[in-house]
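Asks: Okay, so the sequence shown: first residue is 1 according to UniProt numbering, each after it adds one. Take this structure first; my questions come after.
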Amino acid sequence: METKPIIVAIDGSSHAMLALKEAIYLASCSNKKVVIVHVQPSIEPLHMQLFVKREDIREYQEQMAMEALKPAIELLKDNRIEFDTVARIGYASREICNVAQELDAHYIFVGSRGQGPIKGQVLGSVSNGVLHQAHCPVMIVKEQ
């Protein structure tokens with residue numbers, strides 16, 4: 001198994017699953033490990049802590065991460081691909097790139113909703129952020 005993994009950003013969307021399918025194909029051809037990464041946004045503003053315990057917030061975030069990762073894990077197991085999972089809290093594009101750098105990734109795969117340049121800039125695009133911050137090649141997978 002080559003040491004440099006393929007990173008795949010997983011958010012629970014069909015677009016992310018398409019990216020994972022492409023990554024699985026590459027991993028099976030090149031004998032690479034896949035690392036699926038899910039990032040939950042931070043939801044700990046000070047006023048939230050007045051109503052919800054920090055432990056409850058963390059538990060909720062862990063539950064949401066597992067829900068997003070579960071279909072990806074099943075697909076990787078079905079295809080007999082070696083994999084790891086990483087769940088982080090923060091800004092998605094930054095954390096995905098951090099994981100890729102920490103693991104010296106060969107590639108990063110992300111799904112794209114295909115919102116176009118104007119809507120993507122207004123709303124902020126994870127795939128666009130990853131593309132501009134990554135230290136390695138990025139594959140942005142769109143629906144055909």
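A virtual CB, placed ideally from N, CA and C, is assigned to each residue, including glycine. Quantities reported herein were computed from a predicted structural model and do not represent experimental measurements.
1. Evaluate the contact criterion for the stretch 4-23 versus the stretch 50-59: three or more CB pairs, one atom per stretch, below 8 Å.
2. Quick one: Cα of Leu103 to Cα of His15, how far?
3. To test your reading of the DSSP string, which unbroken beta strand (DSSP E) runs of 3 or more residues are found completely within the stretch 78-140?
4. Alpha helix (DSSP H) containing Lys33: first to last residue?
5. Suppose the cutoff is 7 Å on Cβ atoms and the five residues either side in sequence are ignored; what does the same chain contact list for Cys136 look like?
6. So does the stretch 70-85 actually touch the stretch 126-141, counting three or more Cβ pairs closer than 8 Å?
7. Run the CB neighbour count on Asp11, radius 10 Å, all protein chains shown included, and call it buried at 16 or more, exposed below.
8. Using only CA atoms, which one of Cys97, Met139 and Ile43 lies nearest to Arg58?
9. Which residues does DSSP list as the beta-bridge partners of Val8?
Replies: On the basis of the supplied data:
1. no
2. 24 Å
3. 83-89 and 107-112
4. Not the alpha helix (DSSP H): Lys33 falls in the beta strand (DSSP E), residues Lys32 to Gln40.
5. Closer than 7 Å at Cβ, skipping near neighbours: Ala100, Ala105, His106, Tyr107 and Ile108.
6. no
7. So Asp11 ends up on the buried side.
8. Ile43
9. Ile36 and Phe109
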